Structure formats: structure tokens, C-alpha cells
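All you need for this note's numbering is the position in the sequence shown, starting with 1, plus 170.
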Amino acid sequence: MTRNTAISIPKEAADSGAAIPIAERWVAWFLWIAVLGALFYHLGGPALFEPDEGRNAEKAREILLLDDWVTPHENFHPVLDKPMFFYWLIALSYRMFGVSEWAARLPSVIAALGCLIVVFRFVKERWGHWQALWSLLILLTGAEFFALARTVILDMTLTFFLTLALCSCYDAIHVDSIRRRRICCLALYVSLGAATLIKGLVGLAVPGPVIFGYLLATRGWAALGRLYLLPGALLFLAIVLPWYLQADARNAGYLQYFIWDEHFGRFATSNFDRSEPWYYFVGVFLVGFFPWSMTLPLVIREYGKTALDDKTVYLLLWVALPFLFFSASESKLPHYILPIFPALSMLAGAGLVRLQKSAESKLRRALSPAALVVALAVLYLLAGSIKPAILPAQIRDALSVMPHSVWLFGAILVVFCVWLALRNSRQPGVPRAFFAHAMVVFLYLGFAVEIMVLISSSRSAKPVAETLAPYLDGSTQLVFYDTHLAGLPFYLRAERPVWLVTHGNKKRTFLGNYYAAAERKHLTTRWGDALFDFEEFRERWHSSERPLLVVVKSKNLRRFAKNVGEMPERVGAVDEYLLVTRHEDSSRKAGGRHANGRSARS
171 MTRNTAISIP
181 KEAADSGAAI
191 PIAERWVAWF
201 LWIAVLGALF
211 YHLGGPALFE
221 PDEGRNAEKA
231 REILLLDDWV
241 TPHENFHPVL
251 DKPMFFYWLI
261 ALSYRMFGVS
271 EWAARLPSVI
281 AALGCLIVVF
291 RFVKERWGHW
301 QALWSLLILL
311 TGAEFFALAR
321 TVILDMTLTF
331 FLTLALCSCY
341 DAIHVDSIRR
351 RRICCLALYV
361 SLGAATLIKG
371 LVGLAVPGPV
381 IFGYLLATRG
391 WAALGRLYLL
401 PGALLFLAIV
411 LPWYLQADAR
421 NAGYLQYFIW
431 DEHFGRFATS
441 NFDRSEPWYY
451 FVGVFLVGFF
461 PWSMTLPLVI
471 REYGKTALDD
481 KTVYLLLWVA
491 LPFLFFSASE
501 SKLPHYILPI
511 FPALSMLAGA
521 GLVRLQKSAE
531 SKLRRALSPA
541 ALVVALAVLY
551 LLAGSIKPAI
561 LPAQIRDALS
571 VMPHSVWLFG
581 AILVVFCVWL
591 ALRNSRQPGV
601 PRAFFAHAMV
611 VFLYLGFAVE
621 IMVLISSSRS
631 AKPVAETLAP
641 YLDGSTQLVF
651 YDTHLAGLPF
661 YLRAERPVWL
671 VTHGNKKRTF
681 LGNYYAAAER
691 KHLTTRWGDA
701 LFDFEEFRER
711 WHSSERPLLV
721 VVKSKNLRRF
731 AKNVGEMPER
741 VGAVDEYLLV
751 TRHEDSSRKA
761 GGRHANGRSA
771 RS
């Protein structure tokens, strides 16, 4: 590890301004066009996955319905587990393009594109053109980054702002131009503020140790004077405080709950049902960086041959410290480590070019396994469509009906990958190797999107909503009994809450509303109570003047009948769900249809 205390542009950055050959510029244009195609291809095709996509898309829709831009709502109940900024972005997308899956995913796609632009610019300035191209390709086509780029989830937007903050901080420390340094610091503090508005103190907990660790490792404490700390802190507070203070004013005790329970509670306790072993993120790391995790052994060995320069130290800390931080937490989900992948992609991209400069055979040995594992992954899915028993239960039914066109696409991709892996032994130079592997991974992304479309049909509320729609009118109250599909109000375009029935111990946290549980608040909506325990619902079943349509899992039907004291009338079914109603409601609707029929004939 080098001990570099000089504040100057590294030599690589100064050299990166050299003229780029026309052919290499064409490669860059091809790559950026392919990036846009991959990000936006069939963006609205997959239905919203349960529960996260459905929940987040609906929270944003309810901003517009309720005209409440301060308190997030789910199923029209106040739910304060996350800040509002991400939902604002989706709501604005709805305003511009209408409510749809495409519009809900647009903020994540734009954030992913921004992340790619920041990484490309940073690497091109600090290393060079080919390093930037490889870094861009690796980041986009990594499994977790690409999947979350097209998912209605907070973490891609968070990752964009953290990436911009950390790259801007490094630039602010190393540039000589005062004007550019001020721009970098402005980007740094605005990004930190936005990240904190997206996911709370994680917006500081991830970049803070990286910056501190870098200054400690390089003994660069003098660089603090270049970061305009006091004006930056004031700007950060000006961005963050208005919403947090207003949310606390409308929801008493929110700030104390959010800072203590949602941060320290999630980190230090298992109260939120997300505990995993300490090594959990090792597997997530290897799968999330697929297929490029296969190149890492040779890349790491190449870096180990020489002393680490300043920027490499920074990126290594960016990968290692957040990884260790989230591994130490009691609360673990796969998308938590997404912010490390931009830095890892930069290291891998620069490392592949180092391998090529050392010996082209090393680059070939690094890339061949990546092509082969893509072939194996696709082959596994194709085989699973023929023999579904080898697939996980969650995707078995969806892939057993794989269209012939998708199967043929996958088969061609397998042949191409194997051919490329074998041809790597004769593949000269970086440009051809880059172009060939870019073709493979972009074809793989297209295949992956088609698979996501197939899988989404069995992992979404959309099929249930389509079955329910004919049974619903303005007077019918929809009820979910001991189950919940977060995206159902989104697909039904509901304008009032669905009734949710669960046992008393889970009532306050059924919507992930730990704030209500911590503050012992009674959950209600503008339309009155919509969350009941079993005893409360039994009373409603017998007393409600409105027709009730209940969604219950088939395995729970007998328990439901015992709870309400009668066997309900079945009116429909979809997948594992039954649609049931009261006998008098069914008779009333039948009578109404009969009367309407006589009126029409007369």
C-alpha cells in the first residue's frame, strides 16, 4: 500500500486525454447504444414482483391519490419504515407517463444509467479509455446490478448517489482547479443528502468510513481542507432536515423511532426477521457479480504483484468496508451490498487491461471461465424447461412453459458462449476480446429479461388482480384473509383500502409498520379501520352492509369457515387463492344481474 500524501492529478489522469483512435470511439458508441438498449428493453414487460416492487409502486401511487408528499402510505395506512425521496421520484414518473410498471421502474433505470456514466468518466480520467469500457461493461452486466436496475426498489437510486458522492470526494481531493473542486464538493454534499433522504443514515454510514479509511491509509488529513466541510455540512442539513422535521411533526415520535429502531435496532438486533449468518454476503457477492466473479482470481493475483496506487487503495476500501459493515449487521438482504459493485467493477475493468498488458494469454484465461459459466447458467434454465424438477420450486411452473423462441434464443447463446471460450485461445488483442464478450453478455441480458417476464407471472399480484376485477364494483369491499399481496391495489387501481385480516400479534407489523408497533399506534385510514384481527373480522363478516369478496388461500379455507361460523360460497379461484363471499352477497348480486337483464329485455 502506497503512502501518497500529494494532492494532485495522478499521471494516469493526465495521460487519459490522449487522442482516441476512430475504431475505439466506434466501440464506445456501440457500447453506449447497447447499454441503453439493455436497460430499456422490455422494461414494462415483467409484472411487478411481490412484495417489494408491488409495495413501492403502490406507495408512490398513493402519494398522488392522497396528495400527501410527507407521509408514505401502503394500502392507505401510514407506513414510515423508509423516507419519501424514492417514492417522490416514482410519483413524478407517474405524473409524466401515467401509472404503469414501466413508469414505476424508470427512476431505477435512470439511476443505473447515471451510475454507469459516473463510473465511465471516473475510470477514463484515472486509468484510460479501455479500462473505462471494461468497467462499464462489467458493471452493467453483473447479475445483481442489472436485475436491480430494472426493479422498483430503493437500492439502485441509493447506489447512484453513493457512487457520485465517493467519486466526487476523490476528485475534490485530487484536482488542482478550484472551480472544479467546488463543483465536486457540491456534488458530494448534494449526493450525501439525497442518499440520506432515500435510506436514512445508511447514506452516511457507507461513504463515511470509506473516506475516513482512505485519509487514514494515505495520511492525507490535509485534504480535509479541500472538502469545504462547514459549508458542505450546512448544505447537507438544508437538504435533509425539511422532510425529516415535517414527518416528525405529522407523526409524533417518528424521528426517535427512525434513528434508533430503524438503524441501530436493525443493525444490532434480530427483531426485524432478516437475520442471516455472518458469511451470508460471500454468496451474494459471488452470485451478484456473476459472470465476472470468475475473472477475479487472476485479477486479484495481478494486483498483488505490484504496490497499490492511491486510487486502487480508495476503491479497495470502497469494496471492503461496506461489505464488512453489512456483514456485521444482524439485518441482511441481498441488495444491501449493491453499492460496492461500482468500485468492484472499476477494479476488475482496470485489472483486465493490466492482464492484457502483462500477457494476452492471461486475459484469455480470465475471460474464458466467464463465457463458460454463462453457457452453463443458460443451459441449466433450458434443461429445466424440459425437466422442471431440477429447478427451484419458485420458478418451476413459469419456466416449464418457456416459448420455443426463447428456448431457441438460449440454445444459440449457449453455442456462442462455448465457441467464444474455445476461440479465446486464438483471440488477439483487447478490442476483439472486448467486442466478442460484450456481444455474449448483452445477448445473455436479453435472455435474462425474457426469463424475468416468464417468472414474473407467478410472482406477482397481477394475475390475481385480473381474476378479481370482474367481481368488483363500487360497493364491494375486497378482503385478504391471513395473506397479503402488496401490489394488488396497484393493479386494481384501488381508491380505498383493501381489508387485511391477520392474527392480533402481527396486526401492527403486517404492513412492515414497525413504527406503529413501537409507538403503540392504532392503524387506521381516511376510510376507517381496514386492518383486523380474526375476532374483529368475524364481527364485520356478520355486520357489514357492504358486499364482501374475500381472498383466502385454499389451505386456509376450513380455518376461515370455522372463524366466521359458516362455509362461505366460492365464486372463483386463481393459483393458490380462492375467492369467497357471503351467501347473501352472492344472492344479492345474482338478483341484481337478473333485474338488470329483465330491464334490458323490456
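Think of the CB as a built atom: it goes at the ideal place given N, C-alpha and C, for glycine as much as any other residue.
None of the values given here were measured: they were computed from a predicted structure.
field: residue 742 - DSSP class collapsed to helix/strand/coil
entry: If you number the sequence shown from 1, residue 742 lands on position 572. Strand at residue 742.
message: Nearest by alpha-carbon distance to residue 666: which of 651, 694 and 640 is it?
response: Within the sequence shown, numbered from 1, the residue matching residue 666 stands at position 496. Nearest C-alpha to residue 666: 694.
Terminal residues of the alpha helix (DSSP H) in which residue 725 lies: Residue mapping note: residue 725 aligns to position 555 of the sequence shown, counting from 1. Looking at the DSSP string, residue 725 is not in any alpha helix (DSSP H), and its letter there is neither H nor E.
query: Shortest alpha-carbon distance to residue 368 belongs to which of 586, 202 and 278?
result: Within the sequence shown, residue 368 is the residue found at index 198, counting from 1. The option with the nearest alpha carbon to residue 368 is 278.
query: Where does residue 650 fall in DSSP's three states?
result: Translated into positions along the sequence shown, residue 650 becomes position 480. Residue 650 falls in the strand class under three-state DSSP.
message: Taking the alpha-carbon of residue 751 as reference, which of 191, 701 and 641 has the nearest alpha-carbon?
response: Here residue 751 is taken as the residue at index 581 of the sequence shown, counted from 1. The shortest C-alpha separation from residue 751 is found at 641.
field: Alpha-carbon to alpha-carbon, residue 379 and residue 690
entry: Along the sequence shown, read from residue 1 onward, the residue named residue 690 stands at position 520. Along the sequence shown, read from residue 1 onward, the residue named residue 379 stands at position 209. In this prediction, residue 690 scores a pLDDT of 48, lower than 50, which makes its location untrustworthy; no coordinate-derived value is stated.
Local conformation of residue 219 per DSSP, three classes: Position 49 of the sequence shown holds residue 219. Looking at residue 219 - three-state DSSP - the assignment turns out to be strand.
- request: Give me the Cβ distance between residue 519 and residue 668, rounded to the nearest whole Å; I'm assuming they're in contact under 8 Å.
  value: The residue labelled residue 519 in the question sits at position 349 within the sequence shown. The residue labelled residue 668 in the question sits at position 498 within the sequence shown. Between residue 668 and residue 519 the Cβ distance is about 47 Å, and since that is not below 8 Å, they are no contact.
- prompt: How would you call residue 395, buried or exposed, if buried means at least 16 neighbouring beta carbons within 10 angstroms?
  reply: For the purposes of this step, residue 395 is taken as the residue at position 225 of the sequence shown. Label assigned to residue 395: exposed.
message: Helix, strand or coil, according to DSSP, for residue 329 in the structure here?
response: Position 159 of the sequence shown, counted from the first residue, corresponds to residue 329. In this structure, residue 329 counts as helix in the three-state DSSP scheme.
- request: Look at the alpha carbon of residue 657 and the alpha carbon of residue 270, and state the distance between them as a whole number of angstroms.
  value: Within the sequence shown, residue 657 is the residue found at index 487, counting from 1. Within the sequence shown, residue 270 is the residue found at index 100, counting from 1. So the two alpha carbons sit approximately 12 Å from each other.
Backbone secondary structure at residue 690 - three-state DSSP: Numbered from its first residue, the sequence shown carries residue 690 at position 520. Residue confidence for residue 690 is low, a pLDDT of 48 falling below 50, so the modelled location carries little weight and cannot support an answer.
message: Am I right that residue 201 and residue 303 are in contact with their C-beta atoms under 8 Å? What's the rounded C-beta distance?
response: Taking the first residue of the sequence shown as 1, we reach residue 201 at position 31. Taking the first residue of the sequence shown as 1, we reach residue 303 at position 133. Indeed they touch by this definition, with Cβ atoms about 6 Å apart.
- request: Drop a sphere of 10 angstroms on the beta-carbon of residue 212, count the other beta-carbons inside from all chains shown, and report buried for 16 or more, exposed for fewer.
  value: For the purposes of this step, residue 212 is taken as the residue at position 42 of the sequence shown. Exposed: under 16 other Cβ atoms inside 10 Å.
- prompt: Whose C-beta lies closer than 7 Å to the C-beta of residue 769 among residues of the same chain, with five residues either side of it excluded?
  reply: On the sequence shown, residue 769 is found 599 positions in, with the first residue counted as 1. Only weak support exists for where residue 769 lies, its pLDDT of 37 falling under 50; the value from the coordinates is given anyway. Once the five neighbours on either side are set aside, residue 769 has no close Cβ partner at all.
- prompt: Should residue 496 and residue 428 be called a contact, given that it needs their Cβ atoms to be closer than 8 Å?
  reply: As a working mapping, residue 496 is identified with position 326 in the sequence shown. As a working mapping, residue 428 is identified with position 258 in the sequence shown. Contact flag unset, no.
query: Just the Cα atoms here: how many angstroms apart are residue 516 and residue 485?
result: The residue labelled residue 516 in the question sits at position 346 within the sequence shown. The residue labelled residue 485 in the question sits at position 315 within the sequence shown. Distance between the alpha carbons of residue 516 and residue 485 is about 8 Å.
query: Relative to the C-alpha of residue 301, which residue among 745, 604 and 712 is closest?
result: Numbered from its first residue, the sequence shown carries residue 301 at position 131. The shortest C-alpha separation from residue 301 is found at 604.
- prompt: Going by beta carbon distance, what residues of the same chain come within less than 8 Å of residue 444, once the five residues before and after it are set aside?
  reply: Taking the first residue of the sequence shown as position 1, residue 444 is located at position 274. Contacts found: 436, 500, 501, 502 and 503.
task: Decide if the region 225 to 232 is in contact with the region 636 to 654; the criterion is three or more beta carbon pairs, one per stretch, under 8 Å apart.
output: no
- prompt: Looking at the unbroken alpha helix (DSSP H) that takes in residue 360, where does it start and where does it end?
  reply: On the sequence shown, position 190 is the one that residue 360 refers to. Per DSSP, residue 360 belongs to the alpha helix (DSSP H) from 348 to 369.
- prompt: What residues in its chain sit with their C-beta under 6 Å from that of residue 754, if we drop five residues either side in the sequence?
  reply: For the purposes of this step, residue 754 is taken as residue 584 along the sequence shown, with counting starting at 1. Excluding residues within five positions, none has a Cβ falling inside 6 Å.
Local conformation of residue 702 per DSSP, three classes: To locate residue 702, count along the sequence shown from 1; it is residue 532. Strand.
- request: Taking residue 493 and residue 459 to be in contact with their CB atoms under 8 Å, please state how far apart those CB atoms are, rounded to whole angstroms.
  value: For the purposes of this step, residue 493 is identified with residue 323 of the sequence shown, where counting begins at 1. For the purposes of this step, residue 459 is identified with residue 289 of the sequence shown, where counting begins at 1. Actually they are not in contact, since the Cβ atoms of residue 493 and residue 459 sit about 12 Å apart, beyond 8 Å.
message: Which residues does DSSP list as the beta-bridge partners of residue 248?
response: The residue given as residue 248 occupies position 78 in the sequence shown. In DSSP, residue 248 forms a bridge with 243.
field: Secondary structure, alpha helix (DSSP H): runs of 4+ residues fully inside the region 277 to 320
entry: 299 to 311 and 313 to 319
- request: Would you mind reading off the limits of the beta strand (DSSP E) that contains residue 747?
  value: Taking the sequence shown and counting its residues from 1, one reaches residue 747 at position 577. Counting along the chain, the beta strand (DSSP E) containing residue 747 begins and ends at 747 to 751.
- prompt: Could you give the distance in angstroms between the alpha-carbon of residue 705 and the alpha-carbon of residue 562?
  reply: What you label residue 705 is simply residue 535 of the sequence shown in a count that begins at 1. What you label residue 562 is simply residue 392 of the sequence shown in a count that begins at 1. Rounded to the nearest angstrom, the two C-alpha atoms are 37 Å apart.
message: Closer than 7 Å to a non-hydrogen atom of the ligand COA - does that hold for the CB of residue 718?
response: No copy of the ligand COA appears in this structure; indeed no ligand is present at all.
message: Can you confirm whether the region 213 to 223 touches the region 390 to 407 when touching is taken to mean that 3 or more C-beta pairs between the two stretches lie within less than 8 Å?
response: no
Contact belief for residue 634 with residue 719 at Cβ below 8 Å, rounded distance in angstroms: For the purposes of this step, residue 634 is identified with residue 464 of the sequence shown, where counting begins at 1. For the purposes of this step, residue 719 is identified with residue 549 of the sequence shown, where counting begins at 1. Not confirmed; about 12 Å, so no contact.
query: Which stretch, first to last residue, makes up the beta strand (DSSP E) that contains residue 671?
result: The residue given as residue 671 occupies position 501 in the sequence shown. Where residue 671 is concerned, the enclosing beta strand (DSSP E) stretches over 669 to 671.
Cβ-based neighbour list, residue 354, same chain, cut-off 8 Å, excluding 5 preceding and 5 following: Residue mapping note: residue 354 aligns to position 184 of the sequence shown, counting from 1. 338, 339, 341, 342 and 345, listed in sequence order.
field: Contact set for residue 487: own chain, Cβ-Cβ below 6 Å, skip 5 residues either direction
entry: Taking the first residue of the sequence shown as position 1, residue 487 is located at position 317. 380, 383 and 384.
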